[in-house]
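A short write-up of the structure that comes next.
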DNA sequence: CGCTCGGTTGATTATGGTCAATTCGCGTGG
DNA sequence: CCACGCGAATTGACCATAATCAACCGAGCG
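Residue numbers (my numbering), protein chains in the order written: chain A, 1 to 209; chain B, 1001 to 1209.
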């Protein structure tokens, strides 16, 4: 598709959309990781969702509804910035894409619910396990897993801010998962060593994706 | 509108939609409180959203996407069960309603994000304050506040399950809010005694609703 | 070489969970 | 009419989980 024309590379830690933003273009992530997040006055951040290659940033913004959170890259990214007109055109002429987009929205909403349940009723160990299962699943479907392992360019801070605990504790939780032989994570490479146990621990069900 | 025809009364604690449900009718809440929620194997429940009068239950279910959570009444309710055809008809012939529905969806999504941030990065006291502010706001816009107070038929268990803490702790948090003169809550009637302080405590911003 | 960032560790504190028991109001059946 | 049971709120004692504070390490980089 002609979207490649609009793709550009952006640095890590670039704010793609500010809170309350109303813009006239759509953003589509082609490579790299980004996040939706909110901040408190204290500076504390809550990551609401990870955006991975293939995800769209829009959320009614094109219809004039201001965004209620910010979007920022977590790694260097390839992002397509598609003008509103071209984007609407694309959807109008490719109903399958429009359908896929609707599907993606529902999946993202389901994921948000999953995260809420995750933070609200799971222990830190279970939470982390659940998130890793989800990442494995999502990245798997877009072909980012090779040889049972994948590149996970997220820092422990990024994980902690998504799961709602401190980085120190996040670190210890990851160590526990490693010590128990469930995962291996080093040098930004994640490998799930015991998928079944990890899923069981997290009570992970992949049907929402 | 002719929806009144479809309205019926349902008992408290009635499951309106089961997880994974795919149905051919839309549900609209006319009176009472309901909740979207998930359950863990342990029986623990996480409430994902409160549904109040005027809210629609559908969530892509009419488009054949199974629901990823269950919906249950928290009080006796008046619910309209509108057949798919009639519902689509309604939306097609009343674009303003369709627009309002889209708006409502985005608001609900924004609220979900707000809740995630709430659970993820606020203390139990702040969380509770935030939820009460939100309820006050939402119920106010549909005219359910009279004389500065409102009927809040939710139990402390319902609040605790939405906020992600134990009922015992929820009880103590409410007592603290009362002791500090921020709210008064008894016999199912809530009154916000110090709106400004409560909002400040919760860092509550109402622009997402 | 010194800096920063990300990860790691230990010690201490605090927040909130769990368990168990009590009260109160209300409705129901004997 | 009253005993009983149940749901909801409440209390106290104790425990577990996770936050905070502080320091340190190692790699990469200007």
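Every residue, glycine too, gets a C-beta built ideally from N, C-alpha and C.
All of these numbers come straight from a predicted model, not from anything done at the bench.
Check, Outcome
"By Cβ distance, which residues of its chain are closer than 7 Å to residue 40 of chain A, with the 5 residues on each side in sequence left out?", "none"
"Just how far apart, CA to CA, sit residue 1115 of chain B and residue 1091 of chain B?", "29 Å"
"Using DSSP with H/G/I as helix, E/B as strand and the rest coil, what is residue 1223 of chain B?", "Since the first residue shown for chain B is 1001 and the last is 1209, residue 1223 of chain B is missing from the structure and cannot be characterised."
"Please return the same chain residues whose Cβ sits closer than 8 Å to the Cβ of residue 181 of chain A, not counting the five positions on each side in sequence.", "193, 194"
"Which residues in the same chain have their Cβ closer than 7 Å to the Cβ of residue 1171 of chain B, if we skip the five residues on either side of it in sequence?", "1156"
"What residue ranges within the region 122 to 160 of chain A form continuous alpha helix (DSSP H) runs of no fewer than 4 residues, ordered along the chain?", "124 to 141"
"Beta carbon of residue 12 of chain A, beta carbon of residue 73 of chain A: below 8 Å?", "yes"
"Can you have a look at residue 1134 of chain B and say buried or exposed, based on whether 16 or more other CB atoms are within 10 angstroms of its CB?", "buried"
"What are the residues in the region 1062 to 1087 of chain B lying within 7 Å of chain A by C-beta distance?", "1065, 1068, 1069"
"Thinking just about the alpha-carbon of each residue, which of B:1204, B:1118, B:1138 is nearest to the one in residue 1165 of chain B?", "B:1118"
"So residue 1178 of chain B is in the beta strand (DSSP E); what residue range does that whole segment cover?", "Per DSSP, residue 1178 of chain B belongs to no beta strand (DSSP E); it is in the alpha helix (DSSP H), 1167 to 1179."
"With distances taken Cα to Cα, identify the nearest neighbour of residue 137 of chain A among A:161, A:24, A:191, A:68.", "A:191"
"Mapping DSSP to helix, strand and coil, what is residue 33 of chain A?", "coil"
"Determine which residues of the region 1028 to 1045 of chain B have a Cβ less than 7 Å from any Cβ of chain A, and write them out in chain order.", "1038, 1040, 1041, 1044"
"Take every Cβ of the region 1056 to 1069 of chain B, pair it with every Cβ of the region 1016 to 1028 of chain B, and state whether three or more of those distances are shorter than 8 Å.", "yes"
"Please identify, using Cβ separations under 7 Å, the residues of the region 1178 to 1192 of chain B that lie next to chain A, in order along the chain.", "none"
"Could you spell out where the beta strand (DSSP E) holding residue 1190 of chain B opens and where it closes?", "1189 to 1192"
"For the beta strand (DSSP E) that residue 51 of chain A lies in, which residues bound it at each end?", "45 to 51"
"Could you tell me whether any Cβ in chain B is nearer than 8 Å to the Cβ of residue 119 of chain A?", "yes"
"Exposed or buried, which one is residue 1147 of chain B when buried takes at least 16 other CB atoms within 10 Å?", "exposed"
"Give me the DSSP bridge partner(s) of residue 9 of chain A.", "A:78"
"Excluding the five sequence neighbours on either side, which residues of its own chain have a C-beta within less than 6 Å of the C-beta of residue 130 of chain A, listed in chain order?", "118, 202, 204"
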